[in-house]
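Structure, as C-alpha cells:
In my numbering, the protein residues as written are 11 to 139.
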C-alpha cells in the first residue's frame, strides 16, 4: 500500500444480503422487507440496512485491498442517502496516510449509488501484515 493508491469495485445489494444481515443482527425493521412500510417512511421502496452496504468495506480489506491478514482497527461512517434493494454500489478506497514507521494506514472509504450520488463515506484505519 502507498499513499494515494486507489482501489474500486462494484456490488449489487440483493435481497439475499439483506435477509442474511437481518438473520444475523436480528434487525427485521419492515422498511427492509416491505415496500409499503418503506414508502410510509418516505422512501421509494425497500431499503437495505446501512450496515449491509458498509460491511462490504470489511470484505474488501480482508480479501482484496490489501488482503488476507489485514486488521481492521477503526471505521467512521456517514450514511448520506438510502441504498435500495438491487441497487449497484461503486466502492472506492483511497490510502490517505501511513503512521510513521508502522504498517498502519488511514483509508478513505466511499460508496456511490448508480445515480452517481454519495451513499456512504468514512475513514478506516487498518494494519497490514
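We put the CB at the ideal spot given by N, CA and C, even for glycine. This one's a predicted model, so the numbers in the text were calculated from it and none came from an experiment.
Ends of the alpha helix (DSSP H) at residue i?
i: residue 69; result: 66 to 73
i: residue 15; result: Careful: residue 15 lies outside any alpha helix (DSSP H) and carries neither H nor E.
So which of the options has the shortest CA-CA distance to residue i?
i: residue 67; options: 14, 100, 12; result: 100
i: residue 84; options: 26, 24, 136, 27; result: 136
i: residue 90; options: 11, 46, 64, 138; result: 64
i: residue 114; options: 132, 139, 47; result: 139
i: residue 17; options: 109, 110, 70; result: 70
i: residue 93; options: 103, 35, 124; result: 124
Would you report the Cα separation of residue i and residue j, rounded to the nearest angstrom?
i: residue 58; j: residue 21; result: 13 angstroms
i: residue 74; j: residue 43; result: 31 angstroms
i: residue 95; j: residue 117; result: 27 angstroms
i: residue 37; j: residue 60; result: 11 angstroms
i: residue 47; j: residue 120; result: 28 angstroms
i: residue 122; j: residue 39; result: 24 angstroms
i: residue 105; j: residue 98; result: 23 angstroms
i: residue 29; j: residue 41; result: 12 angstroms
i: residue 129; j: residue 110; result: 32 angstroms
What is the C-beta distance between residue i and residue j, in whole angstroms, given that I count them as a contact (C-beta under 8 angstroms)?
i: residue 86; j: residue 133; result: 5 angstroms
i: residue 13; j: residue 131; result: Wrong, their Cβ atoms sit about 19 angstroms apart, outside the cutoff.
Mind checking which residues open and close the beta strand (DSSP E) that includes residue i?
i: residue 138; result: Looking at the DSSP string, residue 138 is not in any beta strand (DSSP E), and its letter there is neither H nor E.
**OP:** Any chance you could list the alpha helix (DSSP H) runs of at least 4 consecutive residues sitting entirely within the stretch 41 to 119, in chain order?
**Re:** 45 to 50, 60 to 64, 66 to 73
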